[in-house]
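Participant:
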Amino acid sequence: MDAEEPKNTKVERMLLNIMDVNYIRGLKDTICNYYKCGIIVDEKERFLLSDQYVSTVALMYKNRFSNASNRQIGMKETMILIPLTSKFYIVFYNGRIPSCIGENVFSVLNDDSVNEINNVIFQNSYVKCVGKSESELERVKSVPIESYSPIKCIMKYSDGSIQDRIIKREVFLYDEDKDMNAHSYEYMSTYIKDIKDKLGRNDVCVCGSGIKYKKCCMKRYETVARILRETQNPRMQNYTIPGVRVTEDSILEYQGPQEKMTNRHDKGVIEKIFEMTESDTQNP
Numbered sequence: 103m104d105a106e107e108p109k110n111t112k113v114e115r116m117l118l119n120i121m122d123v124n125y126i127r128g129l130k131d132t133i134c135n136y137y138k139c140g141i142i143v144d145e146k147e148r149f150l151l152s153d154q155y156v157s158t159v160a161l162m163y164k165n166r167f168s169n170a171s172n173r174q175i176g177m178k179e180t181m182i183l184i185p186l187t188s189k190f191y192i193v194f195y196n197g198r199i200p201s202c203i204g205e206n207v208f209s210v211l212n213d214d215s216v217n218e219i220n221n222v223i224f225q226n227s228y229v230k231c232v233g234k235s236e237s238e239l240e241r242v243k244s245v246p247i248e249s250y251s252p253i254k255c256i257m258k259y260s261d262g263s264i265q266d267r268i269i270k271r272e273v274f275l276y277d278e279d280k281d282m283n284a285h286s287y288e289y290m291s292t293y294i295k296d297i298k299d300k301l302g303r304n305d306v307c308v309c310g311s312g313i314k315y316k317k318c319c320m321k322r323y324e325t326v327a328r329i330l331r332e333t334q335n336p337r338m339q340n341y342t343i344p345g346v347r348v349t350e351d352s353i354l355e356y357q358g359p360q361e362k363m364t365n366r367h368d369k370g371v372i373e374k375i376f377e378m379t380e381s382d383t384q385n386p
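Heads up: the sequence shown begins at 103 in my numbering, then just goes up one per residue.
#1: In three-state terms, what does DSSP make of residue 295?
#2: By the 10 Å Cβ neighbour count, where 16 or more other Cβ atoms means buried, how is residue 366 classified, buried or exposed?
#3: What are the uninterrupted segments assigned as beta strand (DSSP E) that are 3 or more residues long and contained completely in the segment 258-327, given in chain order?
#4: So for residue 362, helix, strand or coil by DSSP?
#5: Answer yes if the segment 311-326 comes into contact with the segment 251-265, meaning at least three C-beta pairs across the two stretches below 8 Å, and no otherwise.
#6: In terms of residue numbering, what span does the alpha helix (DSSP H) encompassing residue 125 cover?
#7: Would you kindly report the start and end of the unbroken alpha helix (DSSP H) that includes residue 217?
#8: Mark residue 171 as exposed unless 16 or more other C-beta atoms lie within 10 angstroms of its C-beta, in which case mark it buried.
#9: Apart from the five residues just before and just after residue 176, which ones in its own chain have a Cβ nearer than 7 Å to its Cβ?
#10: Which residues in the same chain as residue 104 place their Cβ atom closer than 8 Å to its Cβ, once the five residues preceding and following it in sequence are excluded?
#11: Looking only at DSSP bridge pairs, what is residue 209 linked to?
#12: To which residues of the same chain is residue 281 closer than 8 Å at the C-beta, ignoring the five residues directly before and after it?
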């Protein structure tokens with residue numbers, strides 16, 4: 103709190119958010135009024151606890167965003183996990199929830215479902231994850247994490263101003279969404295180049311499997327087509343749950359002129375990016 107620029111410190115930003123009563127109450131109303139609720143149970147008491155305490159996960163890949171994550175509270179197709187004990191978690195959800203979780207009931211999970219939930223909790227952790235079961239902690243060590251910190255998004259607008267944000271890293275429950283997140287740009291390029299208006303349902307799939315497109319990768323590229331349509335048509339860009347009061351916000355690190363940025367690392371990143379951009383423009 104005694105830093106030279108206290109508004110740039112994480113502690114003060116966190117305290118300001120906690121003290122923002124309207125924001126906290128808005129998130130509470132969003133969760134209570136627009137999410138379904140249930141309680142999941144592991145009778146062997148193996149549930150883990152993330153250092154974020156509350157864990158969130160996306161139930162569908164929606165798009166890439168400059169100021170949001172697919173798993174932010176208030177977005178469609180999201181699940182919120184709130185720990186009670188190593189045996190019980192409260193689950194709030196919107197969208198395609200796994201069949202093992204029921205609304206307004208206690209759902210006892212089998213071993214595979216416990217693993218799925220613990221994988222998500224582990225992937226929400228930035229530094230530490232704890233639990234009563236040593237064997238379960240050992241197991242999740244092998245669970246892949248795309249990045250071990252939040253995502254930084256830096257944008258420069260046409261008027262020269264900068265927005266510098268910290269966004270939750272992406273965590274997905276379903277394998278097809280993890281795959282889409284990891285390969286979205288590749289799939290979009292393939293769709294535009296080789297599939298759109300060129301490939302029929304009964305044609306051989308572009309992936310080289312020798313199988314008909316409709317029985318191979320068509321579902322994946324239907325998702326790509328949906329994302330592209332939403333990107334190109336602002337009227338379709340409705341990613342939040344209709345009627346929600348507040349959606350979870352990303353952390354705005356800086357907003358203003360580039361020359362007044364105090365974070366030397368981020369300022370250097372921006373300068374390097376635009377050096378490369380200018381070079382590409384001059385040497386197409």
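The beta carbon of each residue, even a glycine, is placed where N, CA and C say it ideally should be.
Facilitator: In short:
#1: Mapped onto the sequence shown, residue 295 falls at position 193. Looking at residue 295 - three-state DSSP - the assignment turns out to be helix.
#2: Residue mapping note: residue 366 aligns to position 264 of the sequence shown, counting from 1. By the neighbour-count criterion, in which 16 or more other beta carbons inside 10 Å mark a residue as buried, residue 366 falls on the exposed side.
#3: 263-269
#4: What you label residue 362 is simply residue 260 of the sequence shown in a count that begins at 1. Helix, per DSSP.
#5: no
#6: In the sequence shown, the residue the question calls residue 125 occupies position 23. Element bounds for residue 125: 123-136.
#7: Position 115 of the sequence shown holds residue 217. Taken as a continuous stretch (DSSP letters only), the alpha helix (DSSP H) holding residue 217 covers 213-226.
#8: If you number the sequence shown from 1, residue 171 lands on position 69. With 16 or more other Cβ atoms within 10 Å, it is buried.
#9: Against the sequence shown, residue 176 aligns to sequence position 74. For residue 176, where only same-chain residues beyond five positions count, the Cβ hits under 7 Å are 132, 342, 343, 346, 348, 349 and 350.
#10: Translated into positions along the sequence shown, residue 104 becomes position 2. Residue confidence for residue 104 is low, a pLDDT of 45 falling below 50, so the modelled location carries little weight and cannot support an answer.
#11: Here residue 209 corresponds to residue number 107 of the sequence shown, with the count starting at 1. Its beta-bridge partners are 142.
#12: Your numbering for residue 281 matches position 179 in the sequence shown. Around residue 281: 322.
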